[in-house]
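**Student:** Questions regarding the structure given below will be posed in turn.
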Amino acid sequence: MRLLRHDLHSLSGAYALDALEPGAERDRFTRHLSRCQSCASEVRGFREVATAMAFATAAEPSAGLRDRVLAAAARTRQVPPEVRTHARPRRTRTWTPWVPWLSGVVATASIVAAVLFGFAQAHTQDELNQVRAENQAISLILSAPKAKLLTYPVTHGGMATVVLAADRHELAVVTTGLPALPAGKVYQLWLIGKPTITSAGLLPPAKDGQTPAVLATGVVKGDALGLTVEPAGGSAQPTTKPILALPLPV
Amino acid sequence: MNPNDSDASRFKSATTDRRGERDLDLLLVHVARGDTEAFEAVYDRLAGPVYGVIRRVLRDPSQSEEVTQEVLLEVWRTAARFDPAVGGAATWVMTIAHRRAIDRVRSTTAAADRERKTAEFHVPHDEVAEAVEASLDAERVRRCLDGLTDVQRESITLAYYGGHSYREVSDLLKVTLGAIKTRIRDGLIRMRDCLGVS
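Chains as they are written, first to last, in my numbering: chain A, 37 to 286; chain B, 2 to 199.
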């Protein structure tokens, strides 16, 4: 059965209230949603209505639940910060906002180059989509009104260049000229805060001395960006002395 | 300046703010970093509405607590996926909560129970009145629901609080599918304007 566009559009309310049964209709609407910005913003607004309805029916769970939830959380491993790949509301031409901001900031050229390098390296559609998603996130960081550019030398050689969008709690980092590592070793980035240190991912292999941009989310006040050498695959917590500890002005 | 001194005061302001959406967003960013104190603050702010809406849909208190626990653990586990650019933290959490409740309702074990409740269904408006207490949120929501047409109000409450699909709502209210779709959407547009959300 084919649905007219108008019919599809009118499902936004039922969708926002989880009133579409799983199946073809919901799948079709979900696909439509990723292409239709006005539908997505309508669904967002409706979900806020739903949230108000949830608050209106708030009730006190039994006293023991709090302890059970906190205890379970203490045993539960969290998913790491990640590159977000969902569609965001975006400008029609993602690249435009960079240009005025970038002019005069020579060091950022390395990030732009890293981004372009990513495109050039993609061979399959999946890889290309992945690179696109990452670049969208990077371009959002670069075009954030309060983005700050930081460069910092790395102990034993090389430089780290960071674009920090403090209000988005995100940063992008590229490095140039880091010494090559022996087999079985990798560079790993960290968000070093008090009291926690969180992995911000592994540095991808360098090409022409430069590593492709890495994104880190969840940057908070008091964090420093750290870099260590770790065994292949990375570590849960740093096992060597940081060769970079760049305080982040959040 | 000192990274250590900000925490206590931040959590305090997070609990004293009226709606405190922005602070809740920030709390979730800290939760994503494994900050258990921030998670406790999120629990204290959101466990009530999470449990409330789940119980509304599932009715059974102990099953509702079980699902509430699952939801809050998912918040802990996946806080890194929360994206403030897409919507507020409360909305993110409530969306997870409602969806989990619906999943439970539609699962096979709950299906029989469901049939019975559907058969028992009478007057949705009473059901709204029953749970809505004298809180500010509740008052606003009730006033806005009262501003809807009967069919709009009944379809929205049956879908959201009752956990019914719009097909079920169409059966219950004896109104065509196409009309229910539109009533839900029109009603939500009115609610949105009435509640003053963007």
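Each residue gets a CB set at the ideal place from its N, CA and C atoms; glycine is no exception.
Do you know how far the Cα of Gly88(B) is from the Cα of Gln64(B)?
**Tutor:** 28 Å
**Student:** On a Cα-Cα basis, can you pick out the residue from Arg184(B), Lys182(B), Arg193(B) and Arg168(B) that is closest to Pro58(A)?
**Tutor:** Measuring C-alpha to C-alpha distances from Pro58(A) to each of Arg184(B), Lys182(B), Arg193(B) and Arg168(B) identifies Arg168(B) as the nearest.
**Student:** I believe Val85(A) touches Arg184(B) by the beta-carbon criterion, under 8 Å. Please report the beta-carbon distance rounded to the nearest angstrom.
**Tutor:** That pair is no contact at about 14 Å.
**Student:** Please name the residue in Cys75(A), Gly270(A) and Arg71(A) whose C-alpha comes closest to that of Gln224(A).
**Tutor:** Gly270(A)
**Student:** Among Val32(B), Leu174(B) and Ala42(B), which one has its Cα closest to the Cα of Arg78(B)?
**Tutor:** Val32(B)
**Student:** Label Ser171(B) either buried or exposed according to how many other C-beta atoms from any shown protein chain fall within 10 Å of its C-beta, with 16 as the threshold for buried.
**Tutor:** buried
**Student:** Output needed for Gly179(B): all residues of its chain with C-beta closer than 8 Å, excluding positions within five of it in sequence on either side, in chain order.
**Tutor:** none
**Student:** Does the structure place the stretch 86-94 of chain A close enough to the stretch 53-67 of chain B that three or more beta carbon pairs sit under 8 Å?
**Tutor:** yes
**Student:** Quick check: is the beta carbon of Val115(A) nearer than 8 Å to any beta carbon in chain B?
**Tutor:** yes
**Student:** Taking only three categories from DSSP, how would you classify Thr232(A)?
**Tutor:** Reduced to three states, the DSSP call for Thr232(A) is coil.
**Student:** Given this structure, state the Cα-to-Cα distance separating Val94(B) from Val72(B), to the nearest angstrom.
**Tutor:** 8 Å
**Student:** Quick check: is the beta carbon of Leu56(A) nearer than 8 Å to any beta carbon in chain B?
**Tutor:** yes
**Student:** Please confirm whether Arg104(A) has its beta-carbon closer than 8 Å to some beta-carbon of chain B.
**Tutor:** yes
**Student:** Hey, does Phe82(A) have any beta-carbon neighbour from chain B nearer than 8 Å?
**Tutor:** Closer than 8 Å: yes.
**Student:** Is Val115(A) buried or exposed, if buried means 16 or more other CB atoms sit within 10 Å of its CB?
**Tutor:** By the neighbour-count rule (16 or more Cβ atoms within 10 Å), Val115(A) is not buried but exposed.
**Student:** Residues in its own chain within less than 7 Å of Ala281(A) by CB, not counting five upstream and five downstream?
**Tutor:** Ile228, Ala260 and Gly262
**Student:** May I ask you to list, following chain order, the residues of the stretch 58-77 of chain B that have a beta carbon less than 7 Å from some beta carbon of chain A?
**Tutor:** Glu66, Thr69, Gln70, Leu73, Leu74 and Trp77
**Student:** Below 8 Å, can you find three or more Cβ-Cβ pairs linking the stretch 35-54 of chain B to the stretch 236-249 of chain A?
**Tutor:** no
**Student:** Here's the rule: buried if 16 or more other CB atoms are within 10 angstroms of the residue's CB, otherwise exposed. What is Ser48(A)?
**Tutor:** buried
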